[in-house]
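Trainee: Before I ask anything, here is the structure I am working with.
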Amino acid sequence: MTPLRHLREFHRRNGAGLSLFLIGATGFWILFMIVLPQLFMADFSFRANVPPPKWGTPEHYYTLEHYRYMIYGGGGEGSFNVIDLRVFFKTIGAAMLVTLFDAALCYPIAWHLAQAARGGWARLMVLALVVPFWVNEILRAFAFHILFGASGVLNSALMAAGVLDEPYDFVRENIALYAGLGYAFILLMIFPIYNAMESLDKNQVEAARDLGASRWRIHRRVVMPHAKPGITSGCTMVFMLTAGALAAPQILGGPGSLWFTQIIYQAFNQAGNWARGSAYAIILLVSCIVLVLALMKAFKVRLGEIAR
Amino acid sequence: MTSEVALENVWIRFGDFVAARDINITIRAGEFFSFLGPSGCGKTTLLRAVSGFLEPSEGRVLIGGADMAGIGPNKRPTALIFQNLALFPLMSVWENITFALEVRGVGAARRRKRADELLELIALPGQGDKTVGELSGGQRQRVAIARALAAEPEVLLLDEPLSALDLKLRQRMRTELRDIQRRVGITFIYITHDQGEALTMSDNIAVMREGVIEQVGDGNTLYDRPNTAFVASFVGENNLFRGTVGAAERGAVTVETAAGALRARPATGAALAAGDDAFVFIRPESLRFDDAMEMENRIGAHIQRREFEGSFWQVFLDADGAEQPLKLSMVNDDAAAARRPGQRVTLGFAAELAVATRAGPLAAG
Ligand SMILES: Nc1ncnc2c1ncn2[C@@H]1O[C@H](COP(=O)(O)OP(=O)(O)OP(=O)(O)O)[C@@H](O)[C@H]1O
Ligand SMILES: [Mg+2]
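Respectively, the protein sequence lines represent chains E and L.
Counting in this note's numbering, the first sequence runs from 1 upward without gaps.
Counting in this note's numbering, the second sequence runs from 309 upward without gaps.
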C-alpha cells in the first residue's frame with residue numbers, strides 16, 4: 001500500500017474529526033517533544049560555550065571545538081582525550097555485552113512463555129516478570145545495591161555457604177552495575193521475542209522434529225529465523241536504553257568507573273557546559289544509531305520487519 | 309526399506325476422555341492403509357501415537373517389530389505430512405525438501421542433487437530455488453511429500469493432506485499419491501474423513517468411530533460386507549430399514565420392518581437372534597423395478613422425483629411404511645426414461661445383496 005492509501009484508509013476508519021485529532025496530536029508530540037529539542041541540542045553542540053545572556057550574540061558563533069574536544073581533549077594536537085574516549089568505548093562495549101546477555105537470557109524465557117506454558121502458569125510468569133517494574137527505577141537500583149553490597153544478601157549467603165571467606169566487592173568490580181543494567185530493560189527484550197515466537201505455527205516445530213532435527217537445530221533453523229525481527233527489535237531497544245542509562249550507573253557504578261551518560265550529565269550540570277554536553281549526547285546518539293543500523297545490515301534485518 | 313506397523317491394545321486418554329479405545333491392528337509392510345472416520349473420531353491422535361508425538365496411555369506401538377515406547381519422533385523411522393503441511397516458509401523449496409538430510413550432516417552439493425531428483429519425482433523440475441510462498445496449493449502439497457520422502461522413512465504418515473485442495477486437484481493428487489506410493493514401495497498410513505479418497509487409494513481401510521475401529525478391510529469388503537450399521541451407513545450410499553429379527557437361520561435372517569418382512573444376509577459377527585433390533589441395508593444399485601416379481605424382497609412405492617446423472621438415473625421413492633425416501637440408481641436406458649414421478653411401482657431386491665446388522669449408531673448425514 002502506498003502512504004496515501006494508508007492515510008485514506010485511516011481517515012475512513014476514524015472519521016474526519018478523530019483523524020485530525022490523532023494526526024495533530026501525534027504530529028505535536030513528534031515535533032515539540034522529539035524533533036525540536038533535538039534540533040536545539042544539535043544547534044547548541046555546534047556553538048561556542050557562552051552563558052545564556054550572550055545566546056544569539058556574535059560570541060555565540062558556530063564551531064566544532066566540542067567535537068574536537070571529545071577526540072583530542074584540551075591539550076595540543078597529537079594528544080587524545082583518553083579519559084572520555086575510554087569511557088565512551090567502554091560504555092558502548094558494555095552495553096553490547098549487556099544486550100547479548102539479555103538476549104541469551106530472554107530467548108528461552110520467551111520460548112517457554114510462547115510455546116510451552118499454558119493458562120494460569122503462563123499468566124503467573126508474566127506477572128512475576130512485570131510486577132517488579134512497578135517499583136521505581138531508582139528504588140530498584142538501590143535494591144540491587146543492597147543485594148550486592150559488602151554486607152548484602154549475596155555476600156552473606158555466599159559466606160554462609162562457605163564459598164567466600166570475606167565479602168566480595170561486587171560494586172567495585174561493576175558486577176552490580178551490569179546486573180542492574182541487565183535487569184533494567186529485560187521486559188523490552190522478552191516481549192518482542194515472545195510476540196514473534198507466538199505467531200510461529202507449532203506444526204513447524206513438530207515437522208522439524210519429525211524430520212530428525214535436534215532441539216538446537218529446530219531453534220537455529222526454524223524458531224530463530226522466525227523470531228529474528230523480535231530479537232532485533234528487543235536488542236535495539238535494550239542496547240539504546242542501556243547505553244543511555246543514567247540511574248543504574250549513578251547508583252551501582254563502582255567508584256573508579258564512569259558511564260558515558262555520567263560524563264554528559266557532568267558537562268550539563270556540574271561544568272555548566274551545555275554545548276559540550278549536547279555534543280557528547282549527539283555523539284552517543286549517532287554512534288548508537290549507526291551501530292544498530294550496521295548490525296541490522298549484517299544480520300539482514302530490514303527496518304520494516306521490526307515494526308511488524 | 310519398508311516396515312510393518314502394529315498397534316497392540318492401544319488406549320489413548322486425555323484426562324477422562326478416551327480418544328482411542330483398545331486399538332488392535334496390523335498394517336502390512338508396503339501397503340497403502342487408510343484410517344477413515346468422521347471428524348473428531350481420533351484419527352490424528354492415533355497417527356501422533358505412531359509418529360511419536362504422543363505416547364499411548366496403554367498398549368504398544370510396534371514398527372518393524374520393534375517396540376517404539378520412549379522413542380521420540382526424531383528417532384522413529386516415520387515421516388509425517390501434516391494436515392496444514394507445515395512447510396518452512398523461510399527456506400527455499402530445495403532446502404525444505406532436504407531438511408532431513410541437512411539434519412544428518414549431508415553436504416550442500418549432495419543435498420542439492422537429491423533435491424533435484426525428488427523435484428523430478430514430484431513433477432516440479434527446476435523449481436528448487438523458489439520460496440514456498442511462490443508455489444500453488446498443489447505444488448506445496450507435492451513439496452511436502454518430497455520433504456517427507458527425503459527422510460527415507462520406512463513408514464509415511466499422511467494426515468488429510470489433500471483437504472485444503474479444490475475438488476479437481478484433490479482427484480488428481482489421489483492418483484499421484486497412489487503412484488508415488490507404488491514407486492517408493494514404503495508403507496503409507498493415510499488419514500481421511502473422505503470415503504472416496506480412502507476407497508480409491510487404499511489397499512486396506514480401518515473405519516473408525518469415536519475412538520473405536522469398527523471394521524478393517526479392503527474397499528470392496530467394506531462396501532459389500534459391512535459388519536456394523538455405522539460402516540454400512542458411512543461407506544457409500546445405503547437404504548435403511550429398521551426392524552426386529554423375526555427368524556434367524558444360517559446365512560439368512562428375516563427382519564420385520566414397517567415395509568414388511570425383509571430377508572437379508574446377516575453381517576459378520578452380528579449374531580442376530582429372534583427378537584433383536586436390527587437394520588437392513590440395501591444399496592441403491594441393488595434395488596430393481598423390472599424383475600421385482602422374481603425377487604425375495606418386494607416393496608410397494610411411489611416415484612417421488614428423479615435426477616439425471618449422465619450415465620445413470622437417481623430415482624427417489626416413497627416406499628410404503630419407510631421413514632425416509634429410498635434411493636435407487638439405474639442405468640440410463642429406454643426403460644429408465646419411461647419411469648416418471650407419480651408412478652406406482654413394485655421394488656425388489658435379492659436377499660444376498662441386502663445386509664442385516666445389529667441396530668446401532670449411524671453415520672451423520
Ligand atoms: N491434547 C488433547 N487434549 C484433549 N483432548 C484432545 C487432545 N487431542 C485431541 N483431543 C480430542 O480427541 C478427539 C479426537 O481428536 P483427533 O484430532 O484425533 O480427531 P480427528 O479424527 O483427527 O478429527 P479431524 O478429522 O477433525 O481432524 C477429539 O474429541 C479431540 O477433542
Ligand atoms: Mg485430524
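We put the beta carbon where it would ideally sit given N, CA and C, even for glycine.
Nothing here was measured: the structure is a model prediction, and the numbers come from that model.
Does the distance from the CB of E/MET96 to the CB of E/PHE239 come in under 8 Å?
Mentor: yes
Trainee: Assign L/THR352 to one of two classes, buried (16 or more other C-beta atoms within 10 Å of its C-beta) or exposed (fewer than that).
Mentor: buried
Trainee: Are there three or more Cβ pairs, one per stretch, closer than 8 Å when the region 362-371 of chain L is compared with the region 189-199 of chain E?
Mentor: no
Trainee: What's the gap between the Cα of E/ALA179 and the Cα of E/LEU64?
Mentor: 37 Å
Trainee: Quick one: measure Cβ to Cβ for L/ALA275 and L/LEU370, integer angstroms, because I've assumed they're closer than 8 Å.
Mentor: The displayed coordinates of chain L run from 309 to 673. Any statement about residue 275 of chain L would go beyond what the structure contains.
Trainee: Output the boundary residues of the alpha helix (DSSP H) element that contains L/ASN332.
Mentor: That residue, L/ASN332, is in no alpha helix (DSSP H); its beta strand (DSSP E) goes 325-335.
Trainee: Tell me, please, whether the CB atom of E/ASP201 is closer than 8 Å to any CB atom in chain L?
Mentor: yes
Trainee: Taking beta-carbon pairs under 7 Å, can you tell me which members of the region 355-370 of chain L lie near chain E?
Mentor: For the region 355-370 of chain L, which is checked against every Cβ of chain E, the residues closer than 7 Å are SER359, PHE361.
Trainee: Note down, one range per segment and in chain order, each alpha helix (DSSP H) of at least 4 residues found wholly within the region 478-552 of chain L.
Mentor: As summarised for the region 478-552 of chain L, the continuous alpha helix (DSSP H) elements at least 4 residues long and confined to that stretch are 503-509, 527-532, 537-542, given in chain order.
Trainee: Any heavy atom of ligand 2 inside 7 Å of the beta-carbon of L/LYS351?
Mentor: yes
Trainee: Under a three-way DSSP split, which group does L/GLY350 fall into?
Mentor: L/GLY350: coil per DSSP, three-state reduction.
Trainee: For L/ALA411, go through chain E and note every residue whose CB falls closer than 7 Å to its CB, in chain order.
Mentor: Ala is not the amino acid found at residue 411 of chain L; the sequence shown has Val there. Chain E residues near L/VAL411: LEU211, GLY212, ALA213, ARG217.
Trainee: If you compare alpha carbons, which of L/LEU625, L/SER637, L/ALA645 is closest to L/VAL653?
Mentor: Checked all of L/LEU625, L/SER637, L/ALA645; the closest Cα to L/VAL653 is L/LEU625.
Trainee: DSSP puts L/PRO574 in a beta bridge; with which residues?
Mentor: L/ALA664
Trainee: Taking the beta carbon of L/ASN546 as the centre, do at least 16 other beta carbons fall within 10 Å, making it buried, or is it exposed?
Mentor: Per the 10 Å Cβ criterion, buried.
Trainee: So L/ARG613 is in the beta strand (DSSP E); what residue range does that whole segment cover?
Mentor: 605-616
Trainee: Below 8 Å, can you find three or more Cβ-Cβ pairs linking the region 69-88 of chain E to the region 212-220 of chain E?
Mentor: no
Trainee: What first and last residue would you give for the alpha helix (DSSP H) that runs through L/ASN640?
Mentor: Unbroken run through L/ASN640: none, as it is neither H nor E.
Trainee: By alpha-carbon positions, which one of E/GLN270, E/ILE264, E/LEU291, E/ALA294 ends up nearest to E/MET70?
Mentor: It is E/ILE264 whose Cα lies nearest to the Cα of E/MET70.
Trainee: Relative to the C-alpha of E/VAL98, which residue among E/GLY244, E/GLN250, E/LEU285 is closest?
Mentor: E/GLY244
Trainee: What three-state label does DSSP hand L/TRP319 in the structure shown?
Mentor: strand
Trainee: Using only the alpha-carbon positions, how far apart do E/HIS145 and E/VAL171 sit?
Mentor: 8 Å
Trainee: Cβ of L/ALA459 within 8 Å of Cβ of L/ILE405?
Mentor: no
Trainee: If you count every other CB in all the chains shown that lies within 10 Å of the CB of E/VAL131, and 16 or more means buried, which is it?
Mentor: exposed
Trainee: Should L/ALA569 be flagged as near chain E, meaning a C-beta pair shorter than 8 Å?
Mentor: The beta carbon of L/ALA569 does not come within 8 Å of any beta carbon belonging to chain E, so the residue lies off that interface.
Trainee: From the DSSP output, which residues share a beta bridge with L/ASP375?
Mentor: Beta-bridge partners of L/ASP375 (DSSP): L/LEU370.
Trainee: So that I know if they touch, is there some Cβ in chain L lying closer than 8 Å to that of E/GLU206?
Mentor: yes
Trainee: Give the secondary structure of L/LEU655 by DSSP, where H, G and I count as helix, E and B as strand, and everything else as coil.
Mentor: In this structure, L/LEU655 counts as strand in the three-state DSSP scheme.
Trainee: For ligand 1, is there a heavy atom less than 7 Å away from the beta-carbon of L/ALA327?
Mentor: yes
Trainee: For ligand 1, is there any heavy atom lying closer than 7 Å to the beta carbon of L/PHE322?
Mentor: In this structure, ligand 1 has a non-hydrogen atom nearer than 7 Å to the beta-carbon of L/PHE322.
Trainee: Taking 8 Å as the threshold (beta carbon to beta carbon), is L/LEU388 in contact with chain E?
Mentor: yes
Trainee: When every heavy atom of ligand 1 is checked, does at least one fall within less than 7 Å of the C-beta of L/ARG347?
Mentor: According to the sequence as given, residue 347 of chain L is Ser; it is not Arg. Checking every heavy atom of ligand 1 against the Cβ of L/SER347, one is found closer than 7 Å.
Trainee: With 16 other CB atoms within 10 Å as the buried threshold, where does E/ASN136 fall?
Mentor: exposed
Trainee: Could you name each continuous beta strand (DSSP E) segment of 3 residues or more that falls completely within the region 127-195 of chain E, going from the start of the chain to the end?
Mentor: none
Trainee: Are there 16 or more other CB atoms within 10 angstroms of the CB of L/GLU366, so buried, or fewer, so exposed?
Mentor: exposed
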